[in-house]
Each structure stands twice: as structure tokens, then as C-alpha cells.
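Trainee: Under my numbering, the first residue of the sequence shown carries the number 6, and numbering increases by one thereafter. We put the beta carbon where it would ideally sit given N, CA and C, even for glycine. Before we start, here is the structure in question, set down as C-alpha cells.
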Amino acid sequence: MSSVNKNLSVTEGSEIPSAKDFKFGVVYSEWNYEVTNALKEGAVKTLLANGAKQENILIKTVPGSFELTLGAQYLAEFTEVDAIICLGCVIQGETRHFDFICDAVAKGITDLNIKYNQPFIFGVLTPENQQQALDRAGGKHGNKGDEAAVTAIKMLALRNSFTV
């Protein structure tokens with residue numbers, strides 16, 4: 006879907022379940038900090054606005070987006086969180102480095118979902134430039150961190166719908 010004229014963080018017609026009974030891990034990259042910190046702030050704000058308790062949100066950083074997978078795995082193995090939100094930003098450059106990092110992170114996070122049977126949310130921006138990243142980290146296209154938090158809440162609600 007094109008985001009040219011759309012704020013992607015608006016969840017029109019979509020009810021967000023309560024997050025009050027869940028614990029969340031948020032792991033975000035220090036690389037591109039201006040962007041990733043804004044993503045993290047958006048995710049935390051959205052979790053709190055939907056009932057999560059501050060003490061049930063564990064936040065950790067990793068050096069770059071490539072390290073998100075292992076950081077998320079550590080959260081799964083060493084904490085009692087229900088869902089893990091992975092936030093990063095890889096900006097297209099002049100080399101294929103972008104492709105390798107994006108592919109590895111997407112596959113790594115997908116594999117964690119399956120391995121742990123737990124929601125690991127992909128909140129990694131892959132823009133062509135810094136402005137596109139800022140536009141999606143609280144700018145004119147909303148905040149991908151908000152969307153990642155909503156996705157985590159909805160995936161936990163979906164999981165619980167099968168166990169009730």
C-alpha cells in the first residue's frame with residue numbers, strides 16, 4: 006500500500022484490545038537513534054494508552070538493526086514477556102549492505118516467531134533516505150512504533166482467543 010498521502014498509524018475501524026494483562030519487551034537499535042528512539046517512544050506511548058502498565062514494559066537496546074534478532078531472543082529466553090517489539094531503521098545506501106541487513110533481520114524475526122510460538126513484531130523501517138524515516142517515526146506518515154505496539158497487542162489477543 007502506498008503511504009504517499011496517508012498516516013499509517015491511524016487504525017480506523019479497528020478495535021484495539023486491552024494490553025493490561027500483558028508484559029512487553031521492546032528492543033531497539035541505537036543506530037539511527039533519532040529515528041529508532043522516536044519509534045520506541047511511540048510504541049511505549051501506545052502500549053500505555055491501551056492499558057499496559059509501565060512496569061510491564063521492558064526496554065533494551067542493541068547496537069544496530071542486525072542485532073535485533075539476538076536481542077529479541079535474549080528477551081524471550083531471560084524474561085517473562087508475552088510479546089517482543091523489534092524496532093530499527095536501515096536506510097538505503099549505495100551498496101548491497103542494505104539488502105543483506107534487511108533480509109537477515111526479517112528472516113531472523115520471522116524465525117523467532119516460529120521458534121518461540123510468541124509474537125515478535127517487525128518494526129524495522131527500510132526507507133530510501135533519512136526524511137522518509139523521519140516521516141514514519143512520528144512525522145507525516147505516523148509512527149511505525151505505534152503500529153508495532155498495536156500489532157503486538159492484537160497478536161496476543163489472537164493467541165488468547167484460542168486458549169480461552
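From the DSSP output, in three-state form, read off residue 157 for me.
Mentor: Position 152 of the sequence shown, counted from the first residue, corresponds to residue 157. Here residue 157 sits in helix by DSSP.
Trainee: At a threshold of 7 angstroms, does residue 134 count as lining the ligand MG (C-beta to nearest heavy atom)?
Mentor: For the structure depicted, the ligand MG is absent and the ligand set is empty, with no information on it obtainable.
Trainee: Using alpha carbons as the reference points, say which of 71, 68, 40 lies closest to residue 143.
Mentor: Within the sequence shown, the letter at position 138 stands for residue 143. Comparing Cα-Cα distances from residue 143 to each of 71, 68, 40, the minimum goes to 40.
Trainee: Does DSSP classify residue 127 as helix, strand or coil?
Mentor: Taking the sequence shown and counting its residues from 1, the one referred to as residue 127 is at position 122. Of the three classes helix, strand and coil, the one that applies to residue 127 here is strand, per DSSP.
Trainee: Touch check for the stretch 61 to 74 and the stretch 88 to 103: three-plus C-beta pairs under 8 angstroms?
Mentor: A contact exists between the stretch 61 to 74 and the stretch 88 to 103.
Trainee: Which residue from 107, 133, 139, 88 puts its Cα closest to that of residue 117?
Mentor: For the purposes of this step, residue 117 is identified with residue 112 of the sequence shown, where counting begins at 1. Looking at the Cα atoms, 88 is the closest of the given residues.
Trainee: For residue 22, which residues of its own chain have a beta-carbon under 7 angstroms away from its beta-carbon, when the five flanking residues on both sides are left out?
Mentor: Start at 1 with the first residue of the sequence shown, and residue 22 comes out as number 17. The answer, listed in chain order, is 158, 159, 162.
Trainee: Relative to the C-alpha of residue 135, which candidate in 98, 114, 78 has its C-alpha closest?
Mentor: Residue mapping note: residue 135 aligns to position 130 of the sequence shown, counting from 1. Minimum Cα distance to residue 135 is reached at 98.
Trainee: For residue 95, which of helix, strand or coil comes out of DSSP?
Mentor: Position 90 of the sequence shown, counting from 1, holds the residue named residue 95. It is coil, neither helix nor strand.
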